[in-house]
Ligand SMILES: [Zn+2]
Ligand SMILES: [Zn+2]
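In our numbering, the protein residues as written are 555 to 925.
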């Protein structure tokens, strides 16, 4: 059975909150368990407001970069996630992944505010070659030693980090260009096994029952589901059902050039890309798109048109835009539509394939968007 997979946007503003948008955070929800990507200031308020995510089911947090609008909400969230829940020593720690300095940020914030965690946490750092190896003291007894995950560089000079390989999912990351070190994450779902044709398989298993010396030969179905073929004593080979490719989600941190992640991002089902700026009818007369793009790049950011171009480059199915300038209120339909149209034009995919996200918006990710 494929898992249910969705993304909820908790904050879609860049730099500072506006009246209609909070700072960056989103949750990838896999069968009810949530992984947060970035935790801007007041993410807790958003979790309270939208009520979709179970606090006790947040077990991983990924940080794209160390700018405050992406991390200022992390220490208080950790306090709530650990202090308001009953202590269970057997419970695995909350795992936090992010760039160099994240461990120190978490420790300093917690210790300077005399905070105390009742559940363990662990911070794993994704290190660039020049990053220092953290040698600081663990925070009280609640911090466990995290991994230092070193960047690997292949023969084509592609850079990446293997972040996790757990259950049905592999998470990796790659560096993207911003004003400070920034990461893009890739969530790859492992292939999903197809349906076994029981009417075809059962008679073969049953006629081999005695030779197999199994009370219930149907227990071999598990092996088929695990993609193993079965060699029957009578010479029949039962092949496993054809596997379907899993889903691929790309979540980028702030960027003016994400090309460093292309080698991991091709044919993504979903691309989450920032769109801090755009040329809109709100801009003063005579402003050109080129001027807007130049200014955006100078500040380390992208326009929605740039996001659309990148989505086309990696052959993405769907483009979800976030991290909008606070000028772009989510309730200003005309302006948001102009931003979207610019992305559609450069993406080349249809109207349904580009979404300007807003706080609280949830997008389901089915196995195939197009079927
Ligand atoms: Zn930002
Ligand atoms: Zn930033």
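Every residue gets a Cβ at the ideal spot worked out from N, C-alpha and C, and that includes glycine.
Fill in: Beta-carbon proximity list for residue 924, same chain, < 6 Å, skipping 5 on both sides
Caution applies to residue 924, whose pLDDT of 44 falls short of 50 and renders its modelled position unreliable; the model cannot decide the point.
Item to complete: Give the straight-line distance between the Cα atoms of residue 584 and residue 559, rounded to the nearest whole angstrom.
Response: 5 Å
Practice prompt. For the alpha helix (DSSP H) containing residue 855, list its first residue and its last residue.
Written response: Here residue 855 belongs to no alpha helix (DSSP H), and DSSP marks it neither H nor E.
Worksheet entry | CA-to-CA distance, residue 751 to residue 785, given in whole angstroms | 17 Å
Item to complete: Entirely within the segment 763 to 818 and at least 3 residues each: give me those beta strand (DSSP E) ranges in chain order.
Response: 802 to 806
Item to complete: Confirm, please, whether the CB-CB distance from residue 868 to residue 820 is below 7 Å.
Response: yes
Worksheet entry | Residue from 804, 780 and 726 whose Cα sits closest to the Cα of residue 547 | No answer is possible for residue 547: it lies beyond the span of the chain, which begins at 555 and ends at 925.
Item to complete: Decide yes or no for the touch test of the segment 707 to 724 against the segment 686 to 695: beta carbon pairs closer than 8 Å, at least 3 of them.
Response: no
Worksheet item: Excluding the five sequence neighbours on either side, which residues of its own chain have a C-beta within less than 6 Å of the C-beta of residue 660, listed in chain order?
Response: 677
Worksheet item: When the distance is taken between beta carbons, is residue 745 closer than 7 Å to residue 759?
Response: no
Worksheet item: Measuring from the CB of residue 808, is there a heavy atom of ligand 2 at a distance below 6 Å?
Response: yes
Discussion item. To the nearest angstrom, how far is the alpha carbon of residue 912 from that of residue 614?
Written reply: 23 Å
Discussion item. When you compare the segment 581 to 597 with the segment 892 to 903, are there three or more beta-carbon pairs, one atom per stretch, that lie closer than 8 Å?
Written reply: no
Worksheet item: Is residue 592 near ligand 1, going by C-beta to nearest heavy atom under 6 Å?
Response: no
Worksheet entry | Backbone secondary structure at residue 599 - three-state DSSP | helix
Worksheet item: Cα separation between residue 680 and residue 766?
Response: 49 Å
Discussion item. Under DSSP, the beta strand (DSSP E) around residue 561 begins and ends at which residues?
Written reply: 559 to 565
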